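Encoded as structure tokens, the structure appears first; notes follow it.
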Amino acid sequence: MSSENREVNKTLKAPVGCWGPARAGRPETDDDRHGDEVTGTDTEPDGRHGGADDEAGRVIERFALLLSESGWPRMPARVFVAILIAPDGRRTAAELAETLRISPAAVSGAVRYLSQVGLVAREREPGRRRDHYRLYDDLWYESITRRDTMIQRWVQYLGEGVQVVGPDTPAGARLEETRQFFAFMHDEIPRIIDRWRAYRAAHVDGGPPAEEG
């Protein structure tokens, strides 16, 4: 089996997971295995994790748990939610470590992962020495767009798989149905994005309500 086909197989086995990163088909890394390193506290969804107040802590841990159950690595999920609920939408590495009671190494691994999958940006204010991490604007659009690119590859290789096993075989029929499903998703994603932008303009960004029909 070629290295390209092995990579495709890994991608197809990866959990799609709520349109989130879901490890994006890559093998588990040291950052994933040690990402839940904490400094003297548990990480159950009870809010007891250091600098955050109990209510904010419960939001972080419960939402992070849901993301983890859908395929996100645990520590990137916690860091993502901690940035998401930050009052100004950004956090330094030190603030993340204090809020979540985790080591600097765990923060580093989590933000590296979130940066690689296009959810978090690193920036530094002029005259400041510390980096801040913030969520990308229109981050769900970016995440879905990245996944759409992966879906295009799935459609291509599933089509090749149909020809390999034979379109008239039971395996070929299963592969073809799967290919058609992902081809349908690929065609629909741009329309969904357009509808979301119209909805956001009307309901989220403070614009006038969209007309019915």
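With the first letter of the sequence shown counted as 1, position 95 gets the number 95 in full-length UniProt numbering; the numbers rise by one all the way through.
Glycine included, every Cβ here is placed at the ideal spot set by N, Cα and C.
Note that the coordinates shown come from a computational prediction; the quantities given were computed from them, not determined experimentally.
Just to confirm before moving on: does the CB-CB distance between Y133 and R90 stay below 8 angstroms? Residue numbering aside, residue 133 sits at position 133 when the sequence shown is read from its first letter. Residue numbering aside, residue 90 sits at position 90 when the sequence shown is read from its first letter. Result yes, Cβ atoms of Y133 and R90 sit closer than 8 angstroms.
With respect to the alpha helix (DSSP H) encompassing H186, which residues constitute its N-terminal and C-terminal limits? As a first step, residue 186 is located in the sequence shown; it is residue number 186 there, counting from the start. That run of the alpha helix (DSSP H) goes P170 to Y199.
A97 to R124 span [Cα, whole Å]: Here the question's residue 97 lines up with position 97 in the sequence shown. Here the question's residue 124 lines up with position 124 in the sequence shown. Their backbone Cα atoms lie some 18 angstroms apart in a straight line.
Name the one or two DSSP bridge partners that Y133 has. As a first step, residue 133 is located in the sequence shown; it is residue number 133 there, counting from the start. Note: Y133 sits in a beta bridge opposite R91 and R122.
At the level of alpha carbons, what is the spacing between A56 and G127? For the purposes of this step, residue 56 is taken as the residue at position 56 of the sequence shown. For the purposes of this step, residue 127 is taken as the residue at position 127 of the sequence shown. Rounded to whole angstroms, A56 to G127 spans 31 angstroms at the Cα level.
Kindly give me the distance between the Cβ atoms of V120 and V111, rounded to whole angstroms, as I take these residues to be in contact under 8 angstroms. The residue you call residue 120 lines up with position 120 of the sequence shown. The residue you call residue 111 lines up with position 111 of the sequence shown. Right, their Cβ atoms sit about 6 angstroms apart.
Our contact map puts G172 next to V165 with C-beta atoms below 8 angstroms; I'd like the distance itself, whole angstroms only. Stepping through the sequence shown from its first residue, residue 172 is reached at position 172. Stepping through the sequence shown from its first residue, residue 165 is reached at position 165. Right, the Cβ-Cβ distance comes to about 5 angstroms (below 8 angstroms), so this counts as a contact.
Locate the alpha helix (DSSP H) running through S115, then write down its first and last residues. Translated into positions along the sequence shown, residue 115 becomes position 115. Element bounds for S115: P104 to Q116.
Determine the DSSP secondary structure at W154, reduced to helix, strand or coil. Against the sequence shown, residue 154 aligns to sequence position 154. Three-state result, W154: helix.
S68 by DSSP, collapsed to three states: which one? Sequence index remark: in the sequence shown, residue 68 carries index 68 (1-based). Reduced to three states, the DSSP call for S68 is helix.
How many angstroms separate the CA atom of E176 from the CA atom of E95? Here residue 176 is taken as the residue at index 176 of the sequence shown, counted from 1. Here residue 95 is taken as the residue at index 95 of the sequence shown, counted from 1. If I take the Cα positions, the gap works out to 49 angstroms.
When you compare each of G71, L65 and P190 to residue 216 by their alpha carbons, which one comes out closest? With the chain covering 1 to 213 only, the question about residue 216 has no answer from this structure.
State yes or no: is the C-beta of A105 within less than 8 angstroms of the C-beta of M75? In the sequence shown, residue 105 corresponds to position 105, counting from 1. In the sequence shown, residue 75 corresponds to position 75, counting from 1. No, these two residues do not count as a Cβ contact at 8 angstroms.
For D205 and R197, what's the separation of their Cα atoms in angstroms? Stepping through the sequence shown from its first residue, residue 205 is reached at position 205. Stepping through the sequence shown from its first residue, residue 197 is reached at position 197. Straight-line Cα distance between these residues: approximately 10 angstroms.
E69 classed as buried or exposed, judged by whether at least 16 other C-beta atoms fall within 10 angstroms: As a first step, residue 69 must be located in the sequence shown, where it is residue number 69. That one is exposed.
Using only CA atoms, which one of S103, T178, R200 and D131 lies nearest to W140? For this step, residue 140 is matched to residue 140 along the sequence shown. Closest option to W140, Cα to Cα, is R200.
Euclidean distance between Cα positions of V79 and L100: If you number the sequence shown from 1, residue 79 lands on position 79. If you number the sequence shown from 1, residue 100 lands on position 100. Whole-angstrom Cα-Cα distance: 8 angstroms.
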